[in-house]
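In my numbering, the protein residues as written are 1309 to 1859.
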């Protein structure tokens, strides 16, 4: 149990004592009592004695509904009762009824020891759910290299999966491969022209084609592996070329993701949906929610609030993009209880119709959580950095990893909520100073490891009187477990990067003030430094960033 939860439960016990004394006018359920317990921020003019409070609560204002008196009076009574417990050193009331709390030194020592003993599992396995979760992310078409926008989705999706698993949840990560449809025909035609060029045969590029140098790269890979096999343009060889082309680019995508420290469990093929006859049955499943008009089959999404009904089958008998996607989501629901999709912001318009389709199939739409990621803009030398020496049109993930480290890219891209556009400053990411957040955190970890090597082996003593900066550091450490729960419920991975920055700064502030070597309680301080190193390393691991011992 975290320190914050201990304090909250102890306060509830004080309220329970008042209930048993018939202090309140009305009865209420103590278990449903919810109140804020926050970091104390008392203005100087209300804190003439410069007391360093550790927590503050608004509980008296909530209890006012059960006692017909001023919150300040309730707060004073509650403060008196709270002081009967040894964990509180001082409890003061500030007008108009806030309760400010100072904890005893021993509570911090116990918390420090608990975090240390947890090693690299502090805050882990906080959920005991049998629910299977599927997280789909990246899912870029295998028609070219991954670009920086995909990098943001990859960093976020991979980190979210790591955090969910750390919290004790059963999670699969998945990539949906759009290896069917017209874009794969366009890919094949584009590569074929470049393939011919490698044999000195020049043909005009198709009007709608992929023109990046990733296509030239793929053509060269095919020539290197298959020689002149595809020069003869037969239907059979063109069909095989289509498969080979998408497979080569998918392998490149997997390789780039691995370089980015991203590992995905499942790669699901759109083509296999058709081959395994998983699309046509969906049309039958949706029969009561469809109608035919002008030869096309429509899904009645307006019955569920959509602005217009959506076409499933076009008048020529071909499926729209939506139909195999519905079949794919049905397939995922057969393997998982909850789905989390991470899509680009340009797919926002598909969210409502996909949720409606799942509802029509009998699934709970609330079990489909679709998150969207906004664009990334690269900044170098204070200006937008657009061009790629490889593709000529956009910066690829591989390009980015040549000018910056995977650690820096991942950390920086996780510093903001994904629904906000993000400027990635290449110069900042590569800097080695206090302006670079990933440097701050990694350096704090290496400093802690270096200290541990110099300090006496960790041995606990309850005689150490902690400084306020040490207590502040322990409070920040203690927040980690609650933070994991918050990220699971909100999917806000950026909270973890901000936490790691705060922890690094709290550690640096403590380190600058406190002499540790040759301190009478050096061995006990070693426990604190070990706890800091463990939590920093755990947090960095959860976002796929290394925790170097030396820098």
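Backbone N, C-alpha and C define an ideal beta-carbon position, used for all residues, glycine too. Keep in mind that this is a model prediction, so the values were computed, not measured.
C-alpha gap between residue i and residue j, whole angstroms
| i | j | result |
| --- | --- | --- |
| residue 1455 | residue 1770 | 54 Å |
| residue 1480 | residue 1399 | 47 Å |
| residue 1579 | residue 1487 | 6 Å |
| residue 1514 | residue 1496 | 11 Å |
| residue 1754 | residue 1858 | 5 Å |
| residue 1850 | residue 1575 | 22 Å |
| residue 1624 | residue 1604 | 8 Å |
| residue 1841 | residue 1792 | 17 Å |
| residue 1537 | residue 1544 | 12 Å |
| residue 1561 | residue 1529 | 14 Å |
| residue 1732 | residue 1691 | 11 Å |
| residue 1695 | residue 1367 | Reliability of the predicted coordinates at residue 1695 is poor, the pLDDT of 49 falling under 50, and no value is obtained from them. |
| residue 1507 | residue 1527 | 11 Å |
| residue 1672 | residue 1663 | 9 Å |
| residue 1444 | residue 1386 | 49 Å |
| residue 1547 | residue 1717 | 38 Å |
| residue 1796 | residue 1654 | 25 Å |
| residue 1789 | residue 1468 | 16 Å |
| residue 1843 | residue 1427 | 8 Å |
| residue 1389 | residue 1337 | 19 Å |
| residue 1465 | residue 1423 | 28 Å |
| residue 1699 | residue 1542 | Note that residue 1699 has pLDDT 43, beneath the 50 cutoff, so the model's placement of it is unreliable and no number is given. |
| residue 1784 | residue 1459 | 30 Å |
| residue 1505 | residue 1567 | 31 Å |
| residue 1845 | residue 1380 | 44 Å |
| residue 1516 | residue 1565 | 28 Å |
| residue 1810 | residue 1332 | 41 Å |
| residue 1652 | residue 1681 | 5 Å |
| residue 1324 | residue 1418 | 25 Å |
| residue 1435 | residue 1463 | 23 Å |
| residue 1374 | residue 1316 | 19 Å |
| residue 1702 | residue 1730 | 16 Å |
Nearest-angstrom Cβ-Cβ length linking residue i and residue j, presumed shorter than 8 Å
| i | j | result |
| --- | --- | --- |
| residue 1288 | residue 1689 | Here the chain covers residues 1309 to 1859 and nothing more, so residue 1288 does not appear. |
| residue 1746 | residue 1853 | 7 Å |
| residue 1491 | residue 1451 | 6 Å |
| residue 1309 | residue 1836 | About 19 Å separates the two Cβ atoms, so there is no contact after all. |
| residue 1607 | residue 1665 | 7 Å |
| residue 1523 | residue 1563 | Contact flag wrong, Cβ pair sits at about 17 Å. |
| residue 1814 | residue 1781 | 5 Å |
| residue 1395 | residue 1318 | 6 Å |
| residue 1737 | residue 1720 | 5 Å |
| residue 1773 | residue 1413 | 6 Å |
| residue 1312 | residue 1786 | 6 Å |
| residue 1867 | residue 1679 | There is simply no residue 1867 to check, as the chain begins at 1309 and stops at 1859 in what is shown. |
| residue 1749 | residue 1808 | 5 Å |
| residue 1838 | residue 1760 | 6 Å |
| residue 1599 | residue 1549 | Between residue 1549 and residue 1599 the Cβ distance is about 40 Å, and since that is not below 8 Å, they are no contact. |
| residue 1860 | residue 1383 | Outside the displayed span of the chain (1309 to 1859) sits residue 1860, for which this structure offers no information. |
Exposed unless 16 or more other CB atoms sit within 10 angstroms - verdict on residue i
| i | result |
| --- | --- |
| residue 1825 | exposed |
| residue 1502 | buried |
| residue 1511 | exposed |
| residue 1391 | exposed |
| residue 1344 | exposed |
| residue 1828 | exposed |
| residue 1744 | buried |
| residue 1518 | buried |
| residue 1697 | Since pLDDT at residue 1697 reaches only 39, below the 50 mark, its modelled position is unreliable, and the value read off the structure follows with that caveat. With fewer than 16 other Cβ atoms within 10 Å, it is exposed. |
| residue 1767 | exposed |
| residue 1812 | buried |
| residue 1358 | exposed |
| residue 1740 | exposed |
| residue 1855 | buried |
DSSP beta-bridge partners of residue i
| i | result |
| --- | --- |
| residue 1680 | 1651 |
| residue 1601 | 1604 |
| residue 1455 | 1704 |
| residue 1328 | None, per the DSSP bridge assignment. |
| residue 1434 | Answer is none; residue 1434 lacks a bridge partner. |
| residue 1388 | Paired residues: none, contrary to the question. |
| residue 1443 | 1481 and 1648 |
| residue 1619 | 1606 |
| residue 1685 | 1731 |
| residue 1401 | 1407 |
Segment contact, 8 Å Cβ cut-off, at least three pairs: the segment 1636-1651 with the segment 1604-1620:
no
Are the segment 1406-1418 and the segment 1360-1370 touching by the rule of at least three beta carbon pairs closer than 8 Å?
yes
The segment 1435-1447 / the segment 1645-1654 touching (three or more Cβ pairs under 8 Å):
yes
Examine the Cβ distances between the segment 1528-1537 and the segment 1464-1483 and report whether three or more of them are shorter than 8 Å.
no
Does the segment 1624-1637 come into contact with the segment 1583-1598, if we say contact requires no fewer than three beta-carbon pairs (one atom in each stretch) closer than 8 Å?
yes
Are the segment 1810-1821 and the segment 1773-1781 touching, with three or more C-beta to C-beta distances below 8 Å?
yes
I'd like to know if the segment 1714-1727 and the segment 1797-1804 are in contact, where contact means that at least 3 CB-CB pairs between them fall below 8 Å.
yes
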